[in-house]
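Undergrad: Residue numbers (this note's numbering): 953 to 1456.
Idealized CB from N, CA, C, for every residue including glycine.
Below you'll find the structure I mean.
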Amino acid sequence: MDIDISKYWTICTITNPIAPNGTFTRGYRDQALTLAKEFFKKTFPQESRQQTLSRVIHQNTQTHLWKIFHDDSCDIYTRALAGLCLRCYISHAIAKTCKIIINSTSRTDTPKPFTYHDLLPYVLNDDGKNFIILDRDGKTQLMLKEDGSTQAITNKGNYQSIEILRTYNPNLSKRESLDNWAIRFTQQNRDLKNFLLEYRVRIPSDWSLLCKDIPNALKSHLQHNEREILEAFHQVYRRDRRLYGQTGKCTNPTIKQLQEILYSLRKRDITLKSHEELIGCLKGIAYILRQDMYSTKLGTPQAESLDVGSQIDNDNYSVQVNLPPGAYLDPVLIEWQELLNVISNLFIKVLSQAIAQKIPEKVSDLRKSKAYSSFANKFPEGLGLYYQKSNPLSIHEIANLWSIDRVKTRRIFNLKQLLKTTEYLTEEILLKNLIENPVDSRLNSISKSPEKLKIVAEATRDYIYDMAFKEAFAEINSGKYRSRNSLFAQRLRQYLHDTSKECS
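Shown next as C-alpha cells:
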C-alpha cells in the first residue's frame, strides 16, 4: 500500500475534542509545516512530485532522513529539518497508537471509562514549532535557539517523537518499520501506562510480573523459599522465552516447564508436592510484586491480576479473560534495540578488523597456489575494481581486463567463500569482545551462563548478517546488481584505501 507523502510535512497537534456544536472531533488536526515541506522538496525533488510513495521508496526516504538527523558532521539546522520531517511522520503513528489502545481495551458490554482523546496529551506533545536535535551522547534532546546556540531539554519535557527517533535505527531494525516501532514504543510510554493502570487497564499478568527482575529493596519482603522459587522460575521460564524468541504477553507456564521448576527446587532442598502447589506459590509472589508496583506508581495498594490465558487441569488455576491477546508488549525488544545501538560502534570496528585479517590471508593462500600464485598481488586491485563506488566492474569485465578466462577469475576471487569466512570471523571477534570487555552491564553475565551465551550468540549472528552480509551476498548473487554499497563493501573500500596509503 502506498503512503501519503504529505505526512512528512504535516504534523498532528492536539485540538479541542469537542466542537462548537457539542459533537466530538478526533481531538487533533493535521498542521502543515512550511519549513518541513520546503526541506523535503529540496532533498527529494523527484519523490516530492508524487502524491504517494511506494513502500520501498518510502523506507529509503526515511532512512536517508534518519541518517541526516543523526549525522554530527551535518549542519545542525539541516539535521533539525530532517528530524522535523520525521517528527511529522511519527506524529501520525502516535495518534494511531491511541486509537489502537482504545480498540484493544474496549468491550461491547461495558461503557468505556475514557476515550483516546484522554490518551493523546501523554504522547502527542510535539507541535513542530521548535528545532530539536540530539546531543553527541545520542540521548539528550537539544533545542536550537535563534542565536544558533542549543539548550538541553529536561527529561520531563522530552518530545515523544524524538525519543522514538533516538531508539530507532533502520540499520538494526530491517525487519521492523518506523511505523511499527513508533506504535510499540509509544505503548511503552511510562505516563501513558500509568494512566491506563489507574483504570485497571492493561494490568500486567502474574507471569509478566514474575518474569521481571526484582528490585533489591523488595527482595527483603520475600521469604527465602520464595526467592528460591522465583529464581527457579526465571531459570526455566525466562530462558525459554528468550530461547524461542517469544515476545508479547507472557503465557501460562507449560506442564513441562512446571515440572522442570519443581526438579530445580528439589535440588535446592525445597519440595513442593504438585504443579498446583507451585502455581499457588508463584501467584502469591506475584501478588506481593503487584502491590509494590501499584504503591510505587499510583499510591494505591490493591490491584488484581488480569491474566490472559487458559486453564491448566485445575479449577483453582482459572484466569480472567478481560483483555485481548497481545494486550501486553514486552519491553525486552526495546531493551535489545538499545543494546544493539550500544554495540553498533564496536561492530563497525570488529568488521573492519575481520576484513583486515581475511584479505591478507586470501592473498597468502593465492601465493601458495600453483595455478593462481601470479594473481596474488593483483587480488586487492581486483577487489577494488569489483567494489569501487562508481561503476563497479563485474567478474567478467575484470577477466577481460586481465586477459584470462572468466571461470578462472571466479575461482581466484571466490567471493562467496570470502564473505562467509569474514562473517564467521566477525561473529567470533565480536562475541569475544562482548564476553571479555562487556560494553553494557546487561552483558556482564554472558560468560557465566551457557543459555544466555547461546541466546546472545544467535542474536549476534542475525545482527551481523542483517547489518553487513545480507546485502553483500545479494550484491554478488545478482548479475544486474551494479551498485555495491553494503556495509561490507564500504569497510572493504576503506581497508583498501588505507593499505594503499601505507604502501605509497
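Quick check for students: name the residue ranges of the alpha helix (DSSP H) that lie wholly in the stretch 1075 to 1129, counting only runs of 4 or more.
TA: The qualifying runs are 1112 to 1119.
Undergrad: From the DSSP output, in three-state form, read off Cys1163 for me.
TA: Position 211 of the sequence shown, counting from 1, holds the residue named residue 1163. Reduced to three states, the DSSP call for Cys1163 is helix.
Undergrad: If distances are taken between C-alpha atoms only, which option among Glu1423, Lys1320, Leu1383, Ala1441 comes closest to Ala1409?
TA: Taking the sequence shown and counting its residues from 1, one reaches residue 1409 at position 457. Taking only the C-alpha atoms, the option nearest Ala1409 is Leu1383.
Undergrad: Using three-state DSSP, classify Ile955 as helix, strand or coil.
TA: The residue you call residue 955 lines up with position 3 of the sequence shown. Three-state DSSP puts Ile955 in a strand.
Undergrad: Could you tell me the distance, in whole angstroms, from the CA atom of Ile1105 to the CA atom of Leu1072?
TA: Translated into the one-based positions of the sequence shown, residue 1105 becomes position 153. Translated into the one-based positions of the sequence shown, residue 1072 becomes position 120. If you take the alpha carbons of Ile1105 and Leu1072, they lie about 21 Å apart.
Undergrad: Buried or exposed, going by whether 16 or more other CB atoms sit within 10 Å of the CB of Ile1084?
TA: Within the sequence shown, residue 1084 is the residue found at index 132, counting from 1. Buried is the call here.
Undergrad: Looking at the unbroken alpha helix (DSSP H) that takes in Arg1191, where does it start and where does it end?
TA: Walking along the sequence shown from the start, residue 1191 turns up at place 239. Per DSSP, Arg1191 belongs to the alpha helix (DSSP H) from 1191 to 1195.
Undergrad: Just mark Lys1081 as buried or exposed, buried being the case when its beta carbon has 16 or more other beta carbons within 10 Å.
TA: The sequence position of residue 1081 within the sequence shown is 129, counting from 1. Burial call: exposed.
Undergrad: In this structure, what does DSSP give as the bridge partners for Tyr980?
TA: Residue mapping note: residue 980 aligns to position 28 of the sequence shown, counting from 1. The partner list for Tyr980 (beta bridge, DSSP) reads Ile966.
Undergrad: Whole-angstrom Cβ separation of Asn1077 and Tyr1111, contact assumed at under 8 Å?
TA: As a position in the sequence shown, residue 1077 is number 125, starting the count at 1. As a position in the sequence shown, residue 1111 is number 159, starting the count at 1. Sure, about 6 Å apart at Cβ, within 8 Å.
Undergrad: Find out if the Cβ-Cβ distance for the pair Ile1042, Ile1116 is shorter than 7 Å.
TA: Here residue 1042 refers to the residue found at position 90 when the sequence shown is read from its first residue. Here residue 1116 refers to the residue found at position 164 when the sequence shown is read from its first residue. Result yes, Cβ atoms of Ile1042 and Ile1116 sit closer than 7 Å.
Undergrad: Measuring straight from C-alpha to C-alpha, what distance separates Pro1253 and Asp1244?
TA: In the sequence shown, the residue the question calls residue 1253 occupies position 301. In the sequence shown, the residue the question calls residue 1244 occupies position 292. In this prediction, Pro1253 has a pLDDT of 39, which is less than 50 and means its spatial position is unreliable; what the coordinates show is noted afterwards. About 8 Å.
Undergrad: What does DSSP give as the partner residues of Leu1005 in its beta bridges?
TA: Taking the first residue of the sequence shown as 1, we reach residue 1005 at position 53. Partner(s): Ile955.
Undergrad: Just reading off the alpha helix (DSSP H) that Asp1143 is part of, what are its end residues?
TA: Walking along the sequence shown from the start, residue 1143 turns up at place 191. 1142 to 1150 is the span of the alpha helix (DSSP H), which, as asked, contains Asp1143.
Undergrad: By a C-beta neighbour count over all protein chains shown, 10 Å radius and 16 as the cutoff for buried, is Gly1035 buried or exposed?
TA: Residue mapping note: residue 1035 aligns to position 83 of the sequence shown, counting from 1. Looking at its Cβ environment, which holds 16 or more other Cβ atoms inside 10 Å, Gly1035 is buried.
Undergrad: Could you tell me the alpha carbon to alpha carbon distance between Tyr1280 and Glu1454, rounded to whole angstroms?
TA: To locate residue 1280, count along the sequence shown from 1; it is residue 328. To locate residue 1454, count along the sequence shown from 1; it is residue 502. Model confidence at Tyr1280 stands at a pLDDT of 33, short of 50, so the residue's coordinates are unreliable; what they give is reported in the following sentence. Going from the Cα of Tyr1280 to the Cα of Glu1454 covers about 56 Å.
Undergrad: Among the candidates Asn1437, Asn1389, Lys1368, Thr1412, whose CA atom is the shortest distance from the CA of Phe1425?
TA: If you number the sequence shown from 1, residue 1425 lands on position 473. For the residues Asn1437, Asn1389, Lys1368, Thr1412, the minimum Cα distance to Phe1425 belongs to Lys1368.
Undergrad: Classify Pro1312 as helix, strand or coil using the three-state DSSP reduction.
TA: Translated into positions along the sequence shown, residue 1312 becomes position 360. Helix, per DSSP.
Undergrad: Measuring straight from C-alpha to C-alpha, what distance separates Tyr1189 and Ile1295?
TA: To locate residue 1189, count along the sequence shown from 1; it is residue 237. To locate residue 1295, count along the sequence shown from 1; it is residue 343. When rounded, the distance between both Cα atoms is 27 Å.
Undergrad: Just mark Asn1268 as buried or exposed, buried being the case when its beta carbon has 16 or more other beta carbons within 10 Å.
TA: The residue you call residue 1268 lines up with position 316 of the sequence shown. With a pLDDT of 27 at Asn1268, under the threshold of 50, the predicted position of this residue should be treated as unreliable, and no value is reported.
Undergrad: Count the other CB atoms, across all protein chains shown, that sit within 10 Å of the CB of Thr1004; report buried if there are 16 or more and exposed otherwise.
TA: Your numbering for residue 1004 matches position 52 in the sequence shown. Answer is exposed; the Cβ neighbour count stays below 16.
Undergrad: Per DSSP, what kind of secondary structure is Asn1187 in: helix, strand or coil?
TA: Residue numbering aside, residue 1187 sits at position 235 when the sequence shown is read from its first letter. Just to set this straight, residue 1187 is Gln in the shown sequence, not Asn. Helix at Gln1187.
Undergrad: When you compare the stretch 1433 to 1449 with the stretch 1299 to 1311, are there three or more beta-carbon pairs, one atom per stretch, that lie closer than 8 Å?
TA: Touching, per the Cβ criterion.
Undergrad: When the Cα of Ala1328 is compared with those of Gln1340, Lys959, Gly1100, Arg1363, which residue comes out closest?
TA: Numbered from 1 along the sequence shown, position 376 holds the residue referred to as residue 1328. Checking every option, the nearest Cα to that of Ala1328 belongs to Arg1363.
Undergrad: Can you give the Cα-Cα distance for Ala1323 and Ile1009, rounded to whole angstroms?
TA: Translated into positions along the sequence shown, residue 1323 becomes position 371. Translated into positions along the sequence shown, residue 1009 becomes position 57. Going from the Cα of Ala1323 to the Cα of Ile1009 covers about 46 Å.
Undergrad: Return yes when the Cβ of Leu1161 is within less than 7 Å of the Cβ of Ala1238, no when it is not.
TA: Locating residue 1238 in the sequence shown gives position 286, counting from the first residue. Locating residue 1161 in the sequence shown gives position 209, counting from the first residue. Result yes, Cβ atoms of Ala1238 and Leu1161 sit closer than 7 Å.
Undergrad: Answer yes if the stretch 1372 to 1379 comes into contact with the stretch 1410 to 1419, meaning at least three C-beta pairs across the two stretches below 8 Å, and no otherwise.
TA: They touch, by the three-pair rule.
Undergrad: Taking the alpha carbon of Phe1331 as the point to measure from, which residue in Leu1298, Trp1354, Ser1342 has its own alpha carbon closest?
TA: As a working mapping, residue 1331 is identified with position 379 in the sequence shown. Closest by alpha carbon: Trp1354.
Undergrad: Among the candidates Phe1421, Leu1318, Lys1320, whose CA atom is the shortest distance from the CA of Ile1300?
TA: Taking the sequence shown and counting its residues from 1, the one referred to as residue 1300 is at position 348. The option with the nearest alpha carbon to Ile1300 is Phe1421.
Undergrad: With C-beta atoms as the reference, is Leu1096 less than 7 Å away from Asp1087?
TA: On the sequence shown, residue 1096 is found 144 positions in, with the first residue counted as 1. On the sequence shown, residue 1087 is found 135 positions in, with the first residue counted as 1. Contact: no.
Undergrad: Would you decide whether Gly979 is buried or exposed? Buried here means 16 or more other CB atoms lie within 10 Å of its CB.
TA: Walking along the sequence shown from the start, residue 979 turns up at place 27. When all chains shown are included, Gly979 counts as buried.
Undergrad: Which of the three DSSP states is assigned to Thr1361 in this structure?
TA: By 1-based counting over the sequence shown, the position of residue 1361 is 409. Looking at Thr1361 - three-state DSSP - the assignment turns out to be helix.
Undergrad: If we ignore side chains and look at the alpha-carbon of each, how far apart do Ile1052 and Arg1136 end up?
TA: Reading the sequence shown from its first residue, position 100 is the one you call residue 1052. Reading the sequence shown from its first residue, position 184 is the one you call residue 1136. Cα to Cα, Ile1052 sits roughly 11 Å from Arg1136.
Undergrad: Helix, strand or coil for Asn1343 per DSSP?
TA: The count along the sequence shown starts at 1 and reaches residue 1343 at position 391. Three-state result, Asn1343: coil.
Undergrad: Exposed or buried, what is Glu1379 when buried is set at 16 or more other beta-carbons lying within 10 Å of its beta-carbon?
TA: As a working note, residue 1379 is residue 427 in the sequence shown. Under this definition Glu1379 is a buried residue.
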